[in-house]
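Residue numbers for the sequence shown follow this note's numbering, so the first one is 1 and each next one is one higher.
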Amino acid sequence: MSTRDTIEAIYAAVVRRNPGEGEFHQAVREVLDSIAPALAAHPEYAEAKIIERICEPERQIIFRVPWEDDRGEVHINRGFRVEFNSALGPYKGGLRFHPTVYLGIVKFLSFEQLFKNALTGMPIGGGKGGSDFDPKGRSGREVMRFCQSFMTELYRHLGEYTDVPAGDIGVGTREIGYLFGQYKRITNRYESGVLTGKGLAYGGAQVRKEATGYGAVFFADEMLRTAGESLDGKRVVVSGSGNVAIYAIEKVTHLGGVVIACSDSSGYLRDDKGVDVETLKEIKEVRRASLAEYVAARPHATYMPGRGVWEVPCQVAIPCATENEIDAAEATALVSGGCAAVVEGANMPATPAAVRVFAEAGVRFAPGKAANAGGVAASALEMQQNASRDSWSFTYSEQRLREIMRDIHARCYATADEYGMPGNYVAGANIDGFRLVAEAMLAHGLV
Ligand code: NDP
């Protein structure tokens, strides 16, 4: 069978065995489409059925999460943890609380995480989890009771050498605190390294909160420098206004770029003077309110309902909200508006059709599994500090993050070159991540 036929047969089996999980199919397709040259160069991977094994999670956990709201009404949510692959280290990846969460989303995120974690060069495998719980409009005590119930099942699957969750959409420092508190209570162990993204008061690490956004911007900076440009003076659009978006906006601003628009799930904000990060933090991190409130503090800005953020003309786009937020029409609007570089802060925010539009227009494109790896890299640094009972300064931690992002950029760039696809960061990231996982799996034998 030719390499192409082998890949098609494997993809058909993935679709058949995981029905209705469109996001997972999409993530697998993207990786399989890139790795053919690596498979042709390494027949031992096919012989050991490495791809078939990589596409099947090692373990999938689905559980009931009962909890009681402030009025005494009982609610039942569903919890998930997909432990995809531990060839490189304990399962590592965030938890997402959002009403759209189902097994297919968690599987796609977990699959992506595996290659992303490999690219960081740190000893961490791939996992992801979450729940269809919607934290919006819930009181702090309701969120706490939910987190406690969630952890009451999940704890038995975790451990610093087994599986180490962190945050994602809807799960930030507050939620990690409640989850850690319940883990400690149930196990009677102060196991700092069992969760990352912890508060600084009890084992959290400097720069973890900033790391995904900062890291994506460091990657953008490297990509632009390689092309003889920089972020300085560039007009930038960032989608979302959560953890990743806020710190991407902050770092773009540090590096001299001007972020003229950002968004949330209801609409988008335009501020031609540059989005003010402190106002954004006050609204989103402190008050957990709508982005629409920004206009009260900065009356020259405008807030529009709907998905129009990608219609704002810009030179660099950094999507930091959610998967499939840029389709072909939105990609075309970005190209028409003069966008020359797209860097994914979110996981898989561009659809395959959007990625094709960017490729045809010669737009430089950085996939999330490389560009947003700064978050998990900082998590691995948090685990390292926990294990050595140490804590590093902000400056040193940021410097480590910057070096890691520079290294990820360099290896994606070099791998794309090695396989005759210069400048193709998607191929570079997929092939390099895949090779690292495949080599470890071969070494471990058939497990
Ligand atoms: P947050 O929950 O902090 O923020 C998410 C932001 O995106 C919010 O502004 C939210 O709007 C908006 N959003 C969420 N869902 C949708 C949707 N369906 N349509 C439109 N807007 C939406 O999450 P994070 O910032 O942590 O995560 C953002 C992305 O980055 C995700 O793809 C995540 O997987 C990825 N990522 C996160 C990492 C991390 O360290 N946190 C690490 C690597 C990747 P609203 O404010 O209205 O809720």
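Cβ coordinates follow ideal geometry from the N, Cα and C atoms, glycine included.
Query raised in the report: Rounded C-beta distance between LEU32 and ILE10? I'm assuming under 8 Å.
Result: As a working note, residue 32 is residue 32 in the sequence shown. As a working note, residue 10 is residue 10 in the sequence shown. Yes, they are in contact, since the Cβ atoms of LEU32 and ILE10 sit about 7 Å apart, within 8 Å.
Query raised in the report: According to DSSP, what are the bridge partners of ASP163?
Result: Looking up residue 163 in the sequence shown gives position 163. DSSP lists TYR91 and GLY159 as the beta-bridge partner residues of ASP163.
Query raised in the report: How would you label HIS254, buried or exposed, when you count the other beta carbons within 10 angstroms and need 16 or more for buried?
Result: Sequence index remark: in the sequence shown, residue 254 carries index 254 (1-based). Counting Cβ neighbours within 10 Å, HIS254 comes out exposed, since fewer than 16 surround it.
Query - For ILE450, the residue or residues it bridges with in DSSP - result: For the chain, the structure presents residues 1 to 447; residue 450 sits outside this window and is missing.
Query - From ARG81, PRO99 and ALA87, residue whose alpha carbon lies closest to that of PHE108 - result: Counting from one through the sequence shown, the residue named residue 108 turns up at place 108. Minimum Cα distance to PHE108 is reached at ARG81.
Query - Terminal residues of the alpha helix (DSSP H) in which LYS198 lies - result: Numbered from its first residue, the sequence shown carries residue 198 at position 198. No alpha helix (DSSP H) contains LYS198, which DSSP labels as neither H nor E.
Query - Nearest-angstrom Cα separation, counted from HIS444 out to ILE176 - result: Along the sequence shown, read from residue 1 onward, the residue named residue 176 stands at position 176. Along the sequence shown, read from residue 1 onward, the residue named residue 444 stands at position 444. So the alpha carbons of these two residues sit roughly 33 Å apart.
Report task. Following the continuous alpha helix (DSSP H) through ILE486, name the residue where it begins and the one where it ends. Result -> Residue 486 lies beyond the residue range present for the chain, which begins at 1 and ends at 447; the question has no answer from this structure.
Query raised in the report: How big is the Cα-Cα spacing for MET441 and SER336?
Result: Mapped onto the sequence shown, residue 441 falls at position 441. Mapped onto the sequence shown, residue 336 falls at position 336. Each residue's CA atom was taken as its position, placing MET441 and SER336 some 44 Å apart.
**Report entry** Exposure of GLN399, with buried meaning 16 or more beta-carbon neighbours within 10 Å
**Finding:** Working through the sequence shown from its first residue, we reach residue 399 at position 399. So GLN399 counts as exposed.
Query raised in the report: Taking the alpha helix (DSSP H) that ILE249 falls in, what are its first and last residues?
Result: Taking the first residue of the sequence shown as position 1, residue 249 is located at position 249. From DSSP, the alpha helix (DSSP H) with ILE249 extends over 243-254.
Query - Spatially closest choice to ALA427 from GLY368, TYR45 and CYS262, by CA coordinates - result: Within the sequence shown, the letter at position 427 stands for residue 427. Looking at the Cα atoms, GLY368 is the closest of the given residues.
Requested in this report: Quick one: which unbroken alpha helix (DSSP H) runs of 4-plus residues sit fully inside the segment 264-297? Chain order, please.
Outcome: Runs of the alpha helix (DSSP H) inside the segment 264-297: 277-281 and 294-297.
Query raised in the report: Using the rule of at least 16 other Cβ atoms within 10 Å of the residue's Cβ for burial, across every protein chain shown, is ASN188 buried or exposed?
Result: Indexing the sequence shown from 1 puts residue 188 at position 188. Under this definition ASN188 is an exposed residue.
Requested in this report: Following the continuous beta strand (DSSP E) through ARG133, name the residue where it begins and the one where it ends.
Outcome: Your numbering for residue 133 matches position 133 in the sequence shown. According to the sequence displayed, residue 133 carries Phe and not Arg. Per DSSP, PHE133 is not a residue of any beta strand (DSSP E), being assigned neither H nor E.
Requested in this report: May I have the straight-line CA-CA distance separating HIS75 from ASP271, to the nearest angstrom?
Outcome: Within the sequence shown, the letter at position 75 stands for residue 75. Within the sequence shown, the letter at position 271 stands for residue 271. Taking the straight line from one Cα to the other gives about 40 Å.
Query raised in the report: Do ILE132 and ligand 1 come close, with the Cβ less than 8 Å from some heavy atom?
Result: Here residue 132 refers to the residue found at position 132 when the sequence shown is read from its first residue. Note on identity: in this sequence residue 132 is Asp, with Ile being the wrong assignment. The answer is no for ASP132.
**Report entry** Same chain, Cβ closer than 6 Å to THR3, neighbours up to 5 away in sequence not counted
**Finding:** Stepping through the sequence shown from its first residue, residue 3 is reached at position 3. In the same chain as THR3, and ignoring 5 residues on each side of it, the C-beta atoms closer than 6 Å to its own belong to ALA36, LEU39 and ALA40, in chain order.
Query - Stretch pair the segment 104-122 + the segment 136-143: three plus CB contacts closer than 8 Å - result: Contact annotation: the segment 104-122 does not touch the segment 136-143, with fewer than three C-beta pairs closer than 8 Å.
Requested in this report: Say yes only if the C-beta of VAL244 is nearer than 8 Å to one or more non-hydrogen atoms of ligand 1, and no if none qualify.
Outcome: Position 244 of the sequence shown, counting from 1, holds the residue named residue 244. Relative to ligand 1, VAL244 has its C-beta within less than 8 Å of a heavy atom.
Query raised in the report: Roughly how many angstroms lie between the CA atoms of PRO123 and GLN384, to the nearest whole one?
Result: Looking up residue 123 in the sequence shown gives position 123. Looking up residue 384 in the sequence shown gives position 384. Distance between the alpha carbons of PRO123 and GLN384: 10 Å.
Requested in this report: Using beta-carbon positions only, say whether ARG235 and GLN315 come within less than 9 Å of one another.
Outcome: Reading the sequence shown from its first residue, position 235 is the one you call residue 235. Reading the sequence shown from its first residue, position 315 is the one you call residue 315. Result yes, Cβ atoms of ARG235 and GLN315 sit closer than 9 Å.
Query raised in the report: If you measure from the CB of LYS284, is any heavy atom of ligand 2 nearer than 8 Å?
Result: The model depicted lacks ligand 2 and carries ligand 1 instead.
Query raised in the report: Within this structure, are the beta carbons of GLY130 and ASP168 separated by less than 9 Å?
Result: The sequence position of residue 130 within the sequence shown is 130, counting from 1. The sequence position of residue 168 within the sequence shown is 168, counting from 1. Cβ distance < 9 Å, so GLY130 and ASP168 count as in contact.
Query raised in the report: Any heavy atom of ligand 1 closer than 8 Å to the Cβ of ASN117?
Result: On the sequence shown, position 117 is the one that residue 117 refers to. Taking non-hydrogen atoms of ligand 1 into account, the C-beta of ASN117 is found less than 8 Å away from none of them.
Query raised in the report: Pick from ASP69, HIS409 and THR120: whose alpha carbon is nearest that of PRO135?
Result: Residue mapping note: residue 135 aligns to position 135 of the sequence shown, counting from 1. Taking only the C-alpha atoms, the option nearest PRO135 is ASP69.
Report task. Using the Cα positions of TRP67 and ARG145, report the straight-line distance between them to the nearest angstrom. Result -> The residue you call residue 67 lines up with position 67 of the sequence shown. The residue you call residue 145 lines up with position 145 of the sequence shown. Using only the alpha carbons, I get a separation of about 6 Å.
**Report entry** For ALA366, the nearest candidate out of ASN347, VAL342 and GLY375 (CA to CA)
**Finding:** Stepping through the sequence shown from its first residue, residue 366 is reached at position 366. Comparing Cα-Cα distances from ALA366 to each of ASN347, VAL342 and GLY375, the minimum goes to VAL342.
Query raised in the report: Considering only C-alpha positions, which residue in the set HIS25, SER239 and GLY89 is nearest to VAL15?
Result: Position 15 of the sequence shown, counted from the first residue, corresponds to residue 15. When each option's Cα is compared against that of VAL15, the closest is HIS25.
**Report entry** Distance, SER265 Cα to LEU280 Cα
**Finding:** Position 280 of the sequence shown, counted from the start, is the residue given in the question as residue 280. Position 265 of the sequence shown, counted from the start, is the residue given in the question as residue 265. Distance between the alpha carbons of LEU280 and SER265 is about 15 Å.
Query raised in the report: Any idea if PHE394 is buried or exposed, counting beta-carbon neighbours within 10 angstroms, 16 or more meaning buried?
Result: Walking along the sequence shown from the start, residue 394 turns up at place 394. Answer is exposed; the Cβ neighbour count stays below 16.
Query raised in the report: If you draw a straight line from the alpha carbon of GLY267 to that of GLU293, how long is it in whole angstroms?
Result: By one-based count along the sequence shown, residue 267 stands at place 267. By one-based count along the sequence shown, residue 293 stands at place 293. Cα-Cα distance, rounded: 12 Å.
**Report entry** SER34 versus ILE431 - alpha carbon distance
**Finding:** For the purposes of this step, residue 34 is identified with residue 34 of the sequence shown, where counting begins at 1. For the purposes of this step, residue 431 is identified with residue 431 of the sequence shown, where counting begins at 1. One alpha carbon belongs to SER34, the other to ILE431, and they sit about 7 Å apart.
Query - Through-space distance from LYS198 to ALA211, alpha-carbon basis - result: The residue labelled residue 211 in the question sits at position 211 within the sequence shown. The residue labelled residue 198 in the question sits at position 198 within the sequence shown. Spanning the two alpha carbons is a distance of roughly 13 Å.
Query raised in the report: Which residue's Cα is closest to the Cα of GLU30: VAL65, LEU446 and ALA429?
Result: Here residue 30 corresponds to residue number 30 of the sequence shown, with the count starting at 1. Looking at the Cα atoms, ALA429 is the closest of the given residues.
**Report entry** GLU58 - containing alpha helix (DSSP H), residue span
**Finding:** Against the sequence shown, residue 58 aligns to sequence position 58. For GLU58, no alpha helix (DSSP H) run applies, since DSSP gives it neither H nor E.
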